Amino acid sequence: MKHLILGIFQYFNQILTAVFEVLDDSDSSIRELALALIVEMVKHQKDSIEDSVEIVMEKLLHVTKDSVPKVSSESEHCLTIVLSQYDPFRCLSVIVPLLDTEDERTLVTCINCLTKLVGRLSQEQLMAQVPSFLPALFDAFGNQSADVRKTVVFCLVDIYIMLGKAFLPYLEGLNSTQLRLVTIYANRISQARSGTPIHATQ
């Protein structure tokens with residue numbers, strides 16, 4: 036498949052558009068094949084995909100809600116590749132606005148995506164980005180869905196571990212129970228990863 040894609044490089048945009056259309060096919064096996072092709076394109080045609088990364092992400096995020104587990108799982112796999120290899124700021128430009136969604140599944144996926152992107156930023160870059168998404172994360176912390184709240188906790192924990200005490204002033208927007216939950220998990224995970232807990236003042 037890799038050689039096929041390399042051989043038709045000049046028709047890349049047309050092929051990508053056609054593959055996107057197939058993602059709406061009523062046959063789940065066809066949708067799965069389309070995603071497998073997108074995975075190959077994402078892996079081996081990075082320069083070409085880079086120009087369309089926002090569109091690719093939007094399509095993949097939509098397909099993560101597919102009713103067929105194999106299809107949604109393949110979409111999440113492809114999305115993970117994009118998040119790990121492509122410009123994190125362009126990825127953030129897609130993810131951050133979607134944090135305001137009321138769709139529980141999309142919200143969980145987007146927060147998980149944000150958690151993956153956080154780890155790719157330097158402390159300075161992350162600190163600069165925090166104000167753009169933190170209000171939406173705090174709103175999601177009050178969501179009625181336990182899955183949403185859980186993903187928020189682990190996202191905040193990863194940010195906290197990266198930024199340390201510099202992140203504490205931002206956490207003042209949480210209530211005491213939420214703050215305690217975040218600091219407990221941050222200390223546990225930091226201890227497990229590096230052997231050193233985060234000592235937070237509360």
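Reading the sequence shown from the start, the letters are residues 36 to 237 in our numbering. For glycine and all other residues, C-beta sits at the position ideal for the given N, C-alpha and C. Please read these numbers as outputs of a predicted model, since none were measured by experiment.
Contact the stretch 165-179 vs the stretch 218-228: 3+ CB pairs below 8 Å: In short, these stretches do not touch, since the Cβ pair count stays below three.
Near the ligand SAH: D174 beta-carbon under 7 Å from a heavy atom: Although the ligand SAH was asked about, the structure shown includes no ligands whatsoever.
Three CB pairs or more closer than 8 Å across the stretch 107-116 and the stretch 153-170: Touching, no.
Helix, strand or coil at G177 according to DSSP, with G and I counted as helix: Working through the sequence shown from its first residue, we reach residue 177 at position 142. The answer is coil: DSSP assigns G177 none of H, G, I, E or B.
D138 - containing alpha helix (DSSP H), residue span: Walking along the sequence shown from the start, residue 138 turns up at place 103. Neither: D138 is in no alpha helix (DSSP H) and is coded neither H nor E.
Presumed contact (8 Å Cβ cut-off) between V188 and L216, rounded CB distance: As a first step, residue 188 is located in the sequence shown; it is residue number 153 there, counting from the start. As a first step, residue 216 is located in the sequence shown; it is residue number 181 there, counting from the start. The C-beta distance from V188 to L216 rounds to 6 Å, short enough to meet the 8 Å contact threshold.
Exposed unless 16 or more other CB atoms sit within 10 angstroms - verdict on P123: If you number the sequence shown from 1, residue 123 lands on position 88. Around the beta-carbon of P123, 16 or more other beta-carbon atoms lie within 10 Å, marking it buried.
Counted within 10 angstroms of its Cβ, other Cβ atoms place A175 as buried (16 or more) or exposed: Taking the first residue of the sequence shown as position 1, residue 175 is located at position 140. Counting the other Cβ atoms within 10 Å of the Cβ of A175 gives 16 or more, which makes it buried.
Outcome for N48 when other beta-carbon atoms lying within 10 angstroms are tallied against a minimum of 16: Position 13 of the sequence shown holds residue 48. Classification of N48: exposed, given that the 10 Å Cβ count is below 16.
Pairwise C-alpha distance: T150 and S119: Within the sequence shown, residue 119 is the residue found at index 84, counting from 1. Within the sequence shown, residue 150 is the residue found at index 115, counting from 1. Going from the Cα of S119 to the Cα of T150 covers about 11 Å.
Y195, buried or exposed, once every other Cβ within 10 Å from all chains shown has been counted against 16: Here residue 195 is taken as the residue at index 160 of the sequence shown, counted from 1. Under this definition Y195 is a buried residue.
Burial state of N147 (16 or more Cβ within 10 Å): Counted from its first residue, the sequence shown places residue 147 at position 112. Around the beta carbon of N147, a 10 Å sphere encloses 16 or more other beta carbons of the protein chains shown; the residue is thus reported as buried.
Given R66 as reference, the closest of Q80, P104 and Y46 once Cα atoms are compared: The residue labelled residue 66 in the question sits at position 31 within the sequence shown. In terms of Cα proximity to R66, the closest of Q80, P104 and Y46 is P104.
Distance between A69 and F55 (C-alpha atoms, nearest Å): As a position in the sequence shown, residue 55 is number 20, starting the count at 1. As a position in the sequence shown, residue 69 is number 34, starting the count at 1. One C-alpha to the other measures close to 8 Å.
Element boundaries [alpha helix (DSSP H), containing T115]: Position 80 of the sequence shown holds residue 115. For T115, the enclosing alpha helix (DSSP H) covers residues P104 to Q120.
Contact check, V183 vs V143, beta carbons under 8 Å: Within the sequence shown, the letter at position 148 stands for residue 183. Within the sequence shown, the letter at position 108 stands for residue 143. Contact flag set, yes.
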